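Notes follow the structure.
Chains as they are written, first to last, in the working numbering: chain A, 1 to 113; chain B, 1 to 113.
Here you go:
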């Protein structure tokens, strides 16, 4: 089944404790992206990757890192999480950038205390 | 810059029509429409490209006015299943902006029996 998977789905952590949210797609997609969703703010892009080894900042990259060493994986790293990073995170992928639909993962609900 | 969606919320009876607008202050290359139901990931509806045609499937269609940098989503003869939050995403696709997709804050649509 074609899908985007994220792990973990739920995470409660403490300020400053490094964490990684994994994202994997099995559709051989070139383009992958991370978004955060907060009430009243919609979806905001954190980072995106046009292809392997190519990543770029979205609109809200501060406090996040990403890497794209393999086509299928695009992990989101929070080196020192803070409470303002409490949010719902979505990973998405599309066959390539341009006029192609994005497939979203199920989301990861992160709480930083 | 985040596109502006209007209205913020709308309540319909089954069978009624609705229009959701998305407006940007930047020159756009493409407009993406997604629907998100409560507790779920966003799901793709359609993409409109600069120079492309109006799109539609079933009773949902959309248009893209390149001169005004506006897009509208038309929902005809609404069904209960149309309930959810609708997001438009805009992309400029030039210079360093390729890959950057900026979503509006969303329009919450509720369809009542």
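Quick reminder that beta carbons are idealized off the backbone N, C-alpha and C, glycines included.
Quick caveat: nothing in here was measured; it's all calculated off a predicted structure.
Taking C-beta atoms as the reference points, residue 92(A) and residue 4(A) count as a pair closer than 8 Å.
The C-beta of residue 42(B) comes closer than 8 Å to at least one C-beta of chain A. Per the Cβ contact rule, the region 61 to 68 of chain A is not in contact with the region 88 to 104 of chain A (fewer than 3 Cβ pairs under 8 Å). DSSP places residue 85(A) within a helical segment (H, G or I) once states are collapsed to three.
Residue 45(B) is classed as buried because its beta carbon has at least 16 other beta carbons within 10 Å across all chains shown. Per the C-alpha coordinates, the member of 111(A), 110(A), 89(A) positioned closest to residue 104(A) is 89(A). Per DSSP, the unbroken beta strand (DSSP E) holding residue 57(B) starts and ends at 55 to 57. Not a single CB atom of chain B sits nearer than 8 Å to the CB of residue 34(A).
Taking all protein chains shown into account, residue 79(B) has fewer than 16 neighbouring C-beta atoms within 10 Å of its C-beta and is therefore exposed. For residue 87(B), DSSP records a beta bridge to 34(B). The beta carbons of residue 105(B) and residue 107(A) sit about 18 Å from each other, so the pair does not count as a contact at 8 Å. The contact set of residue 90(A) on chain B, defined by CB atoms closer than 8 Å, consists of 41, 42 in chain order. Rounded to whole angstroms, the gap between the alpha carbons of residue 16(A) and residue 9(A) is 20 Å. Taking C-beta separations shorter than 8 Å and ignoring five residues to either side along the sequence, the partners of residue 2(B) in its chain run 102, 103, 104, 105, following chain order.
Under the Cβ criterion of 8 Å, residue 3(A) is not counted among the residues facing chain B. Classified as exposed, residue 13(B) has fewer than 16 neighbouring CB atoms from the shown chains inside 10 Å of its CB.
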